[in-house]
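Asks: Read in order, the letters of the sequence shown correspond to residues 301 to 597 in this note's numbering.
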Amino acid sequence: MAVVGPTASAKTEVAMGLAERMGAEIISVDSMQVYRGMNIGVAKPSKEMQARVRHHLIDLVEPDENFTVAEFQRRARDLIAGSPVPLIVCGGSGLHFRAVVDPYSFPPHNPRIRSVLDRLPPAVASARLLEADPEAGVHLDLHNPRRVARALEVLSLSGRTPSEPAEQGRRLQVQGYEPLIPFRAVGLDPAEHIGARVAARLAVMRREGLLEEVAGLAGRMGATASQAVGYRQLLAVVRGEITEEEGFRQTERATLDLVKRQRTFFRRDPRIRWLPWSQDPDERLAMAWEAFSGVVR
């Protein structure tokens with residue numbers, strides 16, 4: 301089961317209610333909740349919430365570490381395979397969600413090899429790839445240096461080429477939304493209420509000490525964590541580059557931009573049943589419960 305949707309759509313609230321009714325646990329599919337110390341700005345479940353319902357895949361690494369989608373995928377699938385209780389996947393990180401349930405494949409990565417390949421002239425890199433795989437241009441854009449470099453990196457580490465039949469089969473499954481792990485999902489979206497909900501949530505985060513949280517993490521956030529919405533904007537405040545008011549204005553705009561991207565990603569997925577929006581929390585939970593009635597009864 302899964303509860304997905306854009307930021308500020310009450311996903312956690314609904315997932316918590318379902319989990320308590322079912323005796324289930326929650327797998328968080330949030331790319332930033334994996335980082336310790338990033339609590340307020342990523343709306344991480346509180347200790348009280350975690351005491352009520354067990355949550356997985358949060359607080360896994362320090363904010364200066366790199367935590368890949370591939371590692372997230374491995375841990376989530378291990379949890380699903382070995383869990384003795386029902387699990388609810390909940391979150392707004394679309395790639396992480398699909399990496400868990402769909403046949404996404406993440407080839408190996410080697411920073412040293414990649415740095416060498418990134419320095420190749422584009423024409424040389426394309427020629428090298430075409431020498432190994434004459435049909436590579438059918439499957440990827442040879443005018444995109446990053447895509448070409450990544451293909452050469454994968455070729456170097458695994459011998460896999462863009463034209464490999466198995467790789468093409470996985471891509472077709474992903475494009476066709478054919479799941480590797482069968483699931484039922486509901487989507488929540490406040491529609492025209494999203495702006496007010498984002499503003500209200502950000503105001504609460506500000507009162508709870510989001511700026512102080514960011515200041516405490518400054519200097520020990522890696523390339524990924526430092527780009528999180530809210531943290532990126534408020535780090536500029538901490539450095540004295542912009543005012544606090546401007547930092548929070550930028551955070552609100554960035555959050556609404558994130559909402560647009562999340563909507564676009566999730567709305568493409570025909571497997572998600574979008575529930576009518578209700579301002580009443582009890583009604584939202586009741587609709588979700590009914591949507592999963594064939595699963596939980």
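Glycine included, C-beta positions come from ideal geometry on N, C-alpha and C.
Buried or exposed: where does Arg573 fall if 16 or more other Cβ atoms within 10 Å of its Cβ makes it buried?
Replies: Locating residue 573 in the sequence shown gives position 273, where the first residue counts as 1. Looking at its Cβ environment, which holds fewer than 16 other Cβ atoms inside 10 Å, Arg573 is exposed.
Asks: If you compare alpha carbons, which of Asp402, Ser458, Asp582, Arg354 is closest to Glu478?
Replies: By 1-based counting over the sequence shown, the position of residue 478 is 178. For the residues Asp402, Ser458, Asp582, Arg354, the minimum Cα distance to Glu478 belongs to Asp402.
Asks: Helix, strand or coil: how does DSSP classify His409 here?
Replies: The residue you call residue 409 lines up with position 109 of the sequence shown. Three-state DSSP puts His409 in coil, outside helix and strand.
Asks: I need the straight-line Cα distance from Leu598 to Arg532, nearest angstrom please.
Replies: As shown, the chain starts at 301 and ends at 597. That puts residue 598 outside it, with no answer to give.
Asks: At the level of alpha carbons, what is the spacing between Val334 and Val342?
Replies: By one-based count along the sequence shown, residue 334 stands at place 34. By one-based count along the sequence shown, residue 342 stands at place 42. Roughly 10 Å separates the two Cα atoms.
Asks: Looking at C-alpha atoms only, which residue of Gly547, Met316, Val538 is the closest neighbour of Gly391?
Replies: The count along the sequence shown starts at 1 and reaches residue 391 at position 91. Nearest of Gly547, Met316, Val538 to Gly391, Cα basis: Met316.
Asks: His443 by DSSP, collapsed to three states: which one?
Replies: As a position in the sequence shown, residue 443 is number 143, starting the count at 1. Of the three classes helix, strand and coil, the one that applies to His443 here is coil, per DSSP.
Asks: Cα separation between Pro408 and Pro363?
Replies: In the sequence shown, counting from the first residue as 1, residue 408 sits at position 108. In the sequence shown, counting from the first residue as 1, residue 363 sits at position 63. Rounded to whole angstroms, Pro408 to Pro363 spans 22 Å at the Cα level.
Asks: Where are the alpha helix (DSSP H) runs, 4 residues long or more, that stay fully inside the region 360 to 407, in chain order?
Replies: Entirely contained in the region 360 to 407, the alpha helix (DSSP H) runs reaching 4 residues are, in chain order, 369 to 382, 394 to 401.
Asks: In the structure shown, what three-state DSSP assignment does Ala302 receive?
Replies: Residue numbering aside, residue 302 sits at position 2 when the sequence shown is read from its first letter. Three-state result, Ala302: strand.
Asks: Quick one: what does DSSP say Tyr531 is sitting in, helix, strand or coil?
Replies: As a first step, residue 531 must be located in the sequence shown, where it is residue number 231. Helix.
Asks: Taking all protein chains shown into account, decide if Gln579 is buried (16 or more other Cβ within 10 angstroms of its Cβ) or exposed.
Replies: Counting from one through the sequence shown, the residue named residue 579 turns up at place 279. Gln579 should be labelled exposed.
Asks: Rounded to whole angstroms, what's the CA-CA distance from Phe483 to Val385? Just pull it up for me.
Replies: As a working mapping, residue 483 is identified with position 183 in the sequence shown. As a working mapping, residue 385 is identified with position 85 in the sequence shown. Phe483 and Val385: Cα-Cα distance of roughly 15 Å.
Asks: For Pro576 versus Ala310, is the C-beta spacing smaller than 8 Å?
Replies: As a working mapping, residue 576 is identified with position 276 in the sequence shown. As a working mapping, residue 310 is identified with position 10 in the sequence shown. Going by C-beta atoms, Pro576 is not nearer than 8 Å to Ala310.
Asks: Apply the 10 Å Cβ neighbour rule to Thr312 and answer buried if 16 or more other Cβ atoms are within range, or exposed otherwise.
Replies: Here residue 312 is taken as the residue at index 12 of the sequence shown, counted from 1. By the neighbour-count rule (16 or more Cβ atoms within 10 Å), Thr312 is buried.
Asks: Rounding to the nearest angstrom, what Cα-Cα distance links Ser463 and Ala436 in this structure?
Replies: Position 163 of the sequence shown, counting from 1, holds the residue named residue 463. Position 136 of the sequence shown, counting from 1, holds the residue named residue 436. So the two alpha carbons sit approximately 6 Å from each other.
Asks: Gly487 lies in the beta strand (DSSP E); which residues open and close that run?
Replies: Here residue 487 refers to the residue found at position 187 of the sequence shown. Here the beta strand (DSSP E) through Gly487 covers 485 to 487.
Asks: If we ignore side chains and look at the alpha-carbon of each, how far apart do Arg568 and Leu556 end up?
Replies: Counted from its first residue, the sequence shown places residue 568 at position 268. Counted from its first residue, the sequence shown places residue 556 at position 256. Their Cα atoms are separated by approximately 19 Å.
Asks: Is it true that the CB of Thr564 sits closer than 8 Å to the CB of Gly530?
Replies: Within the sequence shown, numbered from 1, the residue matching residue 530 stands at position 230. Within the sequence shown, numbered from 1, the residue matching residue 564 stands at position 264. In this structure, Thr564 does not lie closer than 8 Å to Gly530 by Cβ.
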